[in-house]
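Student:
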Amino acid sequence: MREAKALVPSAWDWAHDRSRTPIRFAELSRGRYRSPDPFLKVRSDYVFRRIAADSRKVELGDDAGHELKQSLLEAMGFELASIHAAADGAPKKVLRNLRLQPRGWLQKAAEKVASAVKKDYAEWAGR
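When you line the sequence shown up against the working numbering, it's residues 75 to 201, in that order.
1) Tell me the residue span of the beta strand (DSSP E) that contains TYR120.
2) Does the pairing of the stretch 104–118 with the stretch 156–174 give three or more beta-carbon distances under 8 Å?
3) Closest to ILE125 by C-alpha separation, out of LEU114, ARG177 and ASP119, would be which residue?
4) Can the beta-carbon of ILE97 be found closer than 7 Å to that of PRO110?
5) For LEU154 and ALA78, what's the separation of their Cα atoms in angstroms?
6) Just verifying my parser: in three-state terms, what is the DSSP assignment at VAL204?
7) Could you give the DSSP three-state label for ARG76: helix, strand or coil?
8) Assign ARG106 to one of three DSSP states: helix, strand, or coil.
9) Helix, strand or coil for ARG173 per DSSP?
10) Between PHE152 and PHE122, what straight-line distance do the alpha-carbon atoms span, to the nearest angstrom?
11) What separation, rounded to the nearest whole angstrom, lies between the Cα atoms of ALA85 and LYS192?
12) Bridge partners of LYS115, per DSSP?
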């Protein structure tokens, strides 16, 4: 089974008004610390990839459980870290930046984003 998705700019670039920044999806997917998928193809404005026969959508509703959410977030963190690790000097720069952050900064940022998403959803849902 395969999926095709539109290739869209990074949300980071969009949020920082970098709309003219080239999309680097293909380059990043083949990074130094990545395990490239030989079936992944980028053509025109689409990404084509295979879907494993045993893959399924991960539901994160109220009953998904803390364990699943925690392990999924950890996996996402490792995936993101592997991309950053491929950049020259990035690990040192990331660690330096993390040391400069005040205690509890990530929790506060996550709460702020969660609040904004809930507000956006409520507006969208017409509540």
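Even glycine gets a Cβ: it sits at the ideal position worked out from N, Cα and C.
Tutor: According to the data block:
1) 120–124
2) yes
3) LEU114
4) no
5) 22 Å
6) Outside the displayed span of the chain (75 to 201) sits residue 204, for which this structure offers no information.
7) strand
8) coil
9) helix
10) 23 Å
11) 18 Å
12) PHE122
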